[in-house]
Each structure stands twice: as C-alpha cells, then as structure tokens.
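Visitor:
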Amino acid sequence: MQIDVHNLSFSYGHRTVIDSLSLSLSSGDYLVIRGKNGTGKSTFIKCLLGMNPVKNGMIFYDHQDINYFKEWTCLGYVSQKFEDFNYEFPITVNEFLSVSSLRKTSQSNRLKALDQMGILELLNQNINNLSGGELQRTFIARSMLNDPKLLILDEPTASIDKLSTEYFFKAVNQLNLQGVTIILVTHNESLGHLNYSHVLTMFSDGTNTFQTRDRCDLSEVDF
Ligand SMILES: Nc1ncnc2c1ncn2[C@@H]1O[C@H](COP(=O)(O)OP(=O)(O)O)[C@@H](O)[C@H]1O
Ligand SMILES: [Mg+2]
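In my numbering, the protein residues as written are 116 to 338.
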C-alpha cells in the first residue's frame, strides 16, 4: 500500500503534538517510528487509523484521501494495550480467530498464522487463560488473517518476552518480504534485527525527521 502524508499537524486543545509531518511510503516499505514516551507516536497512528480526524494536512492511502477512504479491511493493527483484555465467555484461540476475522478464514489459514507466531499448540486453549505474551501473539496472528496490505504495530512487543519478540519480528519481516507495508512504533527497541527501510523520529516539541535507512544514524539518538 502506498501512503502519503502531507504536512500533518495534530493538537489536543492548544497542545500541538504533531507539527508538520510529511512522509511517503511505497508498497513493501517498512517504517520504524521512534521517539520518547509522549512524543505523539500513538497520536499519529490514530490519525492513520481514522480515529483522530485529520483537519490540518492530508493523508492518502493509494492516492485516496483518508477522509473518503473505505477499505479499512486492508489494514492490520496491533496495539500495546492488552492487559485488561478479557473475553466475555470462554472461547478457544481458534474460535476467537474465526469470529474476529473480517473475511471468512479457513482452518489452514488460522493454523498458519498461529504457527508463524510459534503458538500453534494454543489452538484449543481458552483465550482467557493465556499469558500476556501468548495473548499478544494471538492478536498479532489475528491481524495477519485479513491479509493486510498495511500492518500497523504500536509497540507490539512492549510486554512480551525475548523469544516471543524474536518470533514476532521474524513473522513481520516475512510479511514485509511478501509486499506488506509495515509501520512499527518502538521506543526502546534495538533495531538491528529489523528489515526497516525508513525511520520517522518524533520529538517532544512536535517536530520530526523522516529518513531512509541509509541516511539515518541510529546511534545518534538514545531512547
Ligand atoms: N486523547 C488525548 N487527549 C489529550 N491529550 C492526549 C490524548 N492522547 C494523548 N495525549 C497527550 O499527547 C501526547 C502524546 O501522546 P501519545 O501520542 O500517546 O505519545 P506516545 O505514543 O509517543 O507515547 C502526550 O503528552 C499525551 O499525554
Ligand atoms: Mg504510544
């Protein structure tokens, strides 16, 4: 998916959190967004997801203005907030994946997604009994089921262990190689193992820099 952001600014009341953000990504690009806590990373993601209405500046998906965009099923999204998740009634991981996919999925698709995340053995477990890391990987598997053209990940590994994190980034790299555009938010990740192509750095005064990988010295800023 092609993404173009032109001069996007966003404020909560009088507080400007994003000041003139512009970037362009093509299909198969992999953007890492980094910045300290509170620099507006999630605010920008909410703009991309249509949750924060864009009033100053423009966002285009495949050259279509986000204000008229309808193909939200092309987007996969995984957020960092899982702690308070609890399904209303006992349901297995397999059932959870079946009911929460927007398209009809086959059992083999579900098995593949779980296998990619290294949690195939959880297929018939009650989702309310999973650990935080297992739950997070289940959500990531779910986001893959719709074959997204753009996968947006907001600090997805914030509360999972090292092994899960490795599985996760391998799976993301694989999706990226298949042409899925990736946007990954991180605030403390070492980026060595990621196949990113671009870096957006956000600062607490609302400013930002957008660079290609070869122009970005990651040792420059310590997060
Ligand atoms: N709904 C909101 N209303 C008012 N202020 C908000 C809201 N959401 C976030 N903020 C503030 O905007 C700033 C950026 O937040 P956020 O985008 O969550 O940062 P990050 O994801 O980089 O940690 C923070 O100062 C935060 O307190
Ligand atoms: Mg955030």
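Glycine residues also receive a C-beta, built at the ideal position from the N, C-alpha and C atoms.
Which residues in the same chain have their Cβ closer than 6 Å to the Cβ of Tyr202, if we skip the five residues on either side of it in sequence?
Guide: Taken in chain order, the residues that qualify are Ile242, Asn243.
Visitor: So what's Ser223 in DSSP terms, helix, strand or just coil?
Guide: Residue state, collapsed to three classes: helix.
Visitor: What are the start and end residues of the beta strand (DSSP E) that includes Arg342?
Guide: No answer is possible for residue 342: the residues shown for the chain start at 116 and end at 338.
Visitor: Quick check: what's the CA-CA separation for Leu290 versus Tyr282?
Guide: Answer to the nearest angstrom: the Cα atoms are 12 Å apart.
Visitor: Just list the alpha helix (DSSP H) runs in the region 151–182, keeping only unbroken ones of 4 residues or longer that don't cross its boundaries, in chain order.
Guide: You should have 156–163.
Visitor: With distance defined between alpha-carbon atoms, name the residue in Tyr176, Thr154, Asn182 nearest to Met166.
Guide: The option with the nearest alpha carbon to Met166 is Asn182.
Visitor: In whole angstroms, give me the CA-to-CA distance for Ser221 and Val214.
Guide: Distance between the alpha carbons of Ser221 and Val214: 12 Å.
Visitor: Taking all protein chains shown into account, do 16 or more other C-beta atoms lie within 10 angstroms of the C-beta of Tyr192, making it buried, or fewer, making it exposed?
Guide: Buried, since its Cβ has 16 or more Cβ neighbours within 10 Å.
Visitor: Could you tell me whether the Cβ of Ile181 comes closer than 8 Å to any Cβ of chain B?
Guide: Here chain B cannot be found, since the structure has a single protein chain.
Visitor: Is the beta carbon of Ser312 closer than 8 Å to that of Thr324?
Guide: No.
Visitor: Taking Cβ positions, are Thr188 and Asn261 nearer each other than 8 Å?
Guide: The answer is yes: Cβ separation under 8 Å.
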